[in-house]
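Below you can see the structure in the form of structure tokens.
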């Protein structure tokens, strides 16, 4: 019998906050200070996509 292999699901690379802040302009087009606000409270490594999602949510927040 022939066995079929399922393609391996590649997990996205995760980066710590410092690495993302250093690449803020390159990956996100914002200053590191803005990304720092969006990532406030993040202690674990996250993917670039997760950081983009947090940045978009941060940009949509109402300024008090």
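Residue numbers (the numbering used here): 1032 to 1095.
The C-beta atom is built at its ideal place from N, Cα and C for all residues, glycine as well.
task = Identify, in the order they occur along the chain, each residue of the same chain with its Cβ nearer than 8 Å to the Cβ of residue 1061, setting aside the five sequence neighbours on each side.
result = Locating residue 1061 in the chain shown gives position 30, where the first residue counts as 1. Closer than 8 Å at the Cβ level, and outside the excluded window around residue 1061, lie 1055, 1086.
Residues bridged to residue 1078 (per DSSP) = Here residue 1078 is taken as the residue at index 47 of the chain shown, counted from 1. For residue 1078, which the question treats as bridged, DSSP gives the partners 1045.
ask   = Looking at the structure shown, is residue 1060 part of a helix, part of a strand, or coil, going by DSSP?
value = Position 29 of the chain shown, counted from the start, is the residue given in the question as residue 1060. In the structure shown, residue 1060 sits in coil (DSSP, three-state: anything other than H, G, I, E or B).
key: From 1052, 1069, 1041, 1064, residue whose alpha carbon lies closest to that of residue 1090   = Within the chain shown, residue 1090 is the residue found at index 59, counting from 1. Ranking the options by Cα distance to residue 1090, first place goes to 1069.
Through-space distance from residue 1047 to residue 1073, alpha-carbon basis = Along the chain shown, read from residue 1 onward, the residue named residue 1073 stands at position 42. Along the chain shown, read from residue 1 onward, the residue named residue 1047 stands at position 16. Roughly 9 Å between the two C-alpha positions.
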